[in-house]
Amino acid sequence: MTGTGSKALLPRRKRRRRSGWRGFLYIAPAMALVILFFVMPVIFTGWMSLHNWPLMGGTRWIGFNNYVRMFHDARFMSALRFTAYYTVIVTIAIFAVAFPLAIFVEKQRRFVSAYRTIIFLPVVIGLATASLLWVWLANVDSGFIGPALKALGWVDKSPNLLATFDSAFLTIIIMVVWKIAGFTMIILLTGLQAIPADLTEAARIDGAGRWQRFRHVTLPLMRKTIALALIISVTGSILAFDQFYIMTSGGPQNRMISVVYYIFNQSFVSFNLGYGAALSIALLAILVAISIVQLWLLRVGEERP
Amino acid sequence: MSDTGVVLTDIRKSFGNLEVIHGIDLTITEGSFVVFVGPSGCGKSTLLRMIAGLEEVTDGEIEIKGRNVTDLDPSDRGIAMVFQSYALYPHMSVRENMAFGLKMARLPEPEIDSRVKAASAILKIDPLLDRRPGQLSGGQRQRVAIGRAIVRKPDVFLFDEPLSNLDAELRVSMRIEIARLHRELGNTMIYVTHDQTEAMTLADMIVVLRDGRVEQTGSPREIYENPANTFVAGFIGSPRMNLLNAEWTGDGSIRIGNSRIAVQIDDNRMAPGGKLTLGVRPEHMNVVVDTEGTLRAKVDFYEYLGGTQFLYCQLEDGQAVTAEYRSSVPVEAGDILHFRWQADDLRFFDAAGLRLKGAC
Ligand SMILES: Nc1ncnc2c1ncn2[C@@H]1O[C@H](COP(=O)(O)OP(=O)(O)OP(=O)(O)O)[C@@H](O)[C@H]1O
Ligand SMILES: [Mg+2]
């Protein structure tokens, strides 16, 4: 791609300046939006993070004190730990569900588009809406899950699902998987469909069983797709907020405070805007680091057919 | 049962309600090179894929080397297949591509190595062993695909239009290579193609298919010289055999347009006035100077090919005929020519298109 591009440019040196300006014109609106809604806020946040910045009253320059404070903040550390734990568990859960689903809906069978649609449907609901729905589903008395379990005779008393850490965490994981797996499934499905049928057939003739075909042909050829799905899932999970805020309000014994939730608390409950800004910058750094890993993952294995 | 290579018994295949293969019986002797030809969509690939086990048969039985393989997995049938798209694993090196099937069969490492070495020597791809398929040319990829088939030491090789993605020159050299391979290995090979030249040059036996039925089987010479019906007559040969509508007069001659031409037909199915089709290949149409009992035609246009010329002509009643012309006397479009032929170069077909016996 780049090779042919530069070759095409050579005989057109003279026009380069003008077309350079025109190119700039084309991207100007997008650039303006990015600058207005991303670069400037980040710079402003960075500026805020260097201050003691209460909601009311004067701001005071304190240098990197907010960042130093961060490293000694036990609650921030536990929020980080919890977010990492949640991210790992939910990502594994999403993939464990989405991959078999993708394989299931990839095959041509009856009603396959109906299956795809049904599985994808929860994706179009907002996360906050889904959280609210599941708060109701998980309600002890007027909900669905507890009473249903009781009706089936599996439990004596309808459990309060959101009352203990484990059951609340499990409920949230199930809710998020229900909400997100369809999206991951579609991404994985496109990767599966990009693998030529001939390859699978060649592998069948070579004597590879179902699992071996998956392991030696499908998986390696889906590396990029998987990397993409993984990154979307991981970044989404690191930014998790709605479900904890709405479903458990931080959870039993405040053990479900994610990083974004903690930033929210610092900024808009405690009104430490400066400190909240510093935490946001730290989170941004983490996400950038993960994006770099993503780019690296996408770079390797360029031998797609 | 017998030592015959591949035996198909009343093979049928339906996709949903649509039957595309309508009962095919075929016996392929061990070690022979069989070519399936036929127009697009006639079911060549489907038939081959059923032999491979990639497609289930709806009805019928497949036997390979006396073993009923109808319900066996592709890998247990003793076959190897070369795909039109090569179907090489893009993420594996050439060596890994060739070794993959052997690894799956859990062959010991030294055995795998020696087989890959032997195959790559036969195909002259040793210098490519550590490359990825993406770094190979089309011809090299096809060699690797054939190599992957060879290392499996199959009883039967299956090829589905293996050369159709190559350019003309490469196609010729790969064709010769495949013929050499067949001589050296001596396995049964089943080969699907659109290309008549491939079919004629490679095959011991050609199977002409149409709409999921076998129209004729036989050696290239049999198919070419004694086509069983007008379909085969028109399908094999390039330019195609002239098939002219004619009428049997009953007194030892036929009428084509305004021309009366003496012929002999002993078939008692013919009644005077009956319609029939006269088949004559372009190379048997001889230009003559006399006009008595000849076919008169006007040259529409011609193709000059150096060694020979093809004249595309029109009879007075509008039927098109093609003639091969080797004389150095120049011919121009618009010229009127007279054609005659050797009696034993003529083929006659009845109104249903079937070959009439005892005619010449
Ligand atoms: N998976 C399928 N589902 C439904 N119909 C199919 C399927 N595969 C093939 N067919 C039909 O079966 C018939 C035979 O197809 P096949 O691919 O065997 O033709 P072919 O002789 O190989 O043609 P070509 O020379 O174009 O490759 C066609 O009419 C095709 O539409
Ligand atoms: Mg085909």
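Chains as they are written, first to last, in the working numbering: chain V, 927 to 1231; chain W, 20 to 379. Positions of the beta carbon are idealized from the N, C-alpha and C atoms, including for glycine. This one's a predicted model, so the numbers in the text were calculated from it and none came from an experiment.
Tell me whether residue i is buried or exposed, calling it buried when 16 or more other Cβ atoms sit within 10 Å of its Cβ.
| i | result |
| --- | --- |
| T1009/V | buried |
| M982/V | exposed |
| A362/W | exposed |
| V1219/V | exposed |
| Q1192/V | buried |
| R199/W | exposed |
| P173/W | buried |
| Y210/W | buried |
| V56/W | buried |
| R125/W | exposed |
| I969/V | exposed |
| A958/V | exposed |
| N36/W | exposed |
| F1194/V | exposed |
| G929/V | Confidence in G929/V is poor, its pLDDT being 42 and thus under 50, which makes the residue's placement unreliable; the coordinate value appears in the next sentence. Looking at its Cβ environment, which holds fewer than 16 other Cβ atoms inside 10 Å, G929/V is exposed. |
Note down the Cα distance separating residue i from residue j, rounded to an integer number of angstroms.
| i | j | result |
| --- | --- | --- |
| V163/W | V113/W | 7 Å |
| T1144/V | W1062/V | 40 Å |
| A1040/V | F1046/V | 10 Å |
| M1182/V | I1164/V | 13 Å |
| P1085/V | L1096/V | 13 Å |
| V26/W | N87/W | 9 Å |
| G1290/V | I1113/V | A query on residue 1290/V cannot be resolved here, the shown segment of chain V reaching from 927 to 1231 and no further. |
| M1101/V | I1044/V | 16 Å |
| A1077/V | I1015/V | 30 Å |
| V306/W | E343/W | 9 Å |
| G1133/V | R1036/V | 28 Å |
| M289/W | T296/W | 12 Å |
| A1204/V | L147/W | 55 Å |
| A1215/V | P1122/V | 34 Å |
| D132/W | A187/W | 34 Å |
| W267/W | G293/W | 5 Å |
| L1213/V | I1157/V | 10 Å |
| A1019/V | R1139/V | 23 Å |
| R151/W | M117/W | 12 Å |
| R134/W | F119/W | 12 Å |
| F1070/V | W1060/V | 9 Å |
| N992/V | T1161/V | 24 Å |
Quick check on residue i: does DSSP put it in helix, strand or coil?
| i | result |
| --- | --- |
| H1142/V | helix |
| T971/V | helix |
| F119/W | helix |
| M927/V | With a pLDDT of 38 at M927/V, under the threshold of 50, the modelled position of this residue cannot be trusted; read the value that follows with caution. DSSP places M927/V in coil when its eight states are reduced to three. |
| H303/W | helix |
| E1127/V | helix |
| F1194/V | helix |
| V1219/V | helix |
| H201/W | helix |
| M289/W | coil |
| E38/W | strand |
| I1183/V | coil |
| D1168/V | helix |
| R1007/V | helix |
| R167/W | helix |
| L1210/V | helix |
| R86/W | strand |
| P1178/V | helix |
| G325/W | coil |
| F1109/V | helix |
| G353/W | coil |
| P93/W | helix |
Relative to chain V, which residues along the region 61 to 75 of chain W have a C-beta separation below 7 Å, given in chain order?
Cβ contacts with chain V come from A71 and L73.
Anything in the region 96 to 111 of chain W with a Cβ closer than 9 Å to a Cβ of chain V? List those residues in chain order, please.
For the region 96 to 111 of chain W, the set of positions with a beta-carbon nearer than 9 Å to some beta-carbon of chain V reads R96, I98, A99, M100, F102, Q103, S104, Y105, A106, L107, Y108, P109, H110 and M111 in chain order.
Using a Cβ-Cβ cut-off of less than 7 Å, give me the residues of the region 1125 to 1141 of chain V that come near chain W, in sequence order.
Listed by position, the residues of the region 1125 to 1141 of chain V near chain W (Cβ gap below 7 Å) are L1125, E1127, A1128, R1130, I1131, D1132, G1133, A1134 and Q1138.
Got a sec: which bits of the region 123 to 142 of chain W sit with their beta carbon under 7 Å from any beta carbon on chain V, in order along the chain?
Shown in chain order are the members of the region 123 to 142 of chain W whose Cβ falls below 7 Å from a Cβ of chain V: M123 and A124.
Would you list, in chain order, the members of the region 1029 to 1049 of chain V that have their beta-carbon closer than 9 Å to a beta-carbon of chain W?
Contact residues of the region 1029 to 1049 of chain V toward chain W are absent (C-beta to C-beta distance below 9 Å).
Near-chain V residues of the region 170 to 183 of chain W (beta-carbon distance less than 8 Å), N- to C-terminal order:
Under the 8 Å Cβ criterion, the region 170 to 183 of chain W contributes R171.
Can you give, in chain order, each stretch of the alpha helix (DSSP H) that sits fully within the region 44 to 72 of chain W and has at least 4 residues?
Secondary structure remark: continuous alpha helix (DSSP H) runs of at least 4 residues inside the region 44 to 72 of chain W, in chain order: 63 to 71.
Contacting positions in the region 146 to 173 of chain W - beta carbon closer than 7 Å to chain V:
Per Cβ criterion, the list reads R151 and G153.
Please name the residues in the region 1137 to 1166 of chain V whose beta-carbon is closer than 9 Å to at least one beta-carbon of chain W, in chain order.
Cβ contacts with chain W come from Q1138, H1142, V1143, P1146, L1147 and R1149.
Could you pull out every unbroken alpha helix (DSSP H) segment of at least 4 residues lying fully inside the region 1041 to 1090 of chain V, listed in chain order?
Runs of the alpha helix (DSSP H) inside the region 1041 to 1090 of chain V: 1053 to 1063 and 1071 to 1077.
Within 8 Å of chain W by C-beta, residues of the region 1105 to 1122 of chain V in sequence order:
Within the region 1105 to 1122 of chain V, P1122 place their CB atoms closer than 8 Å to a CB of chain W, listed in sequence order.
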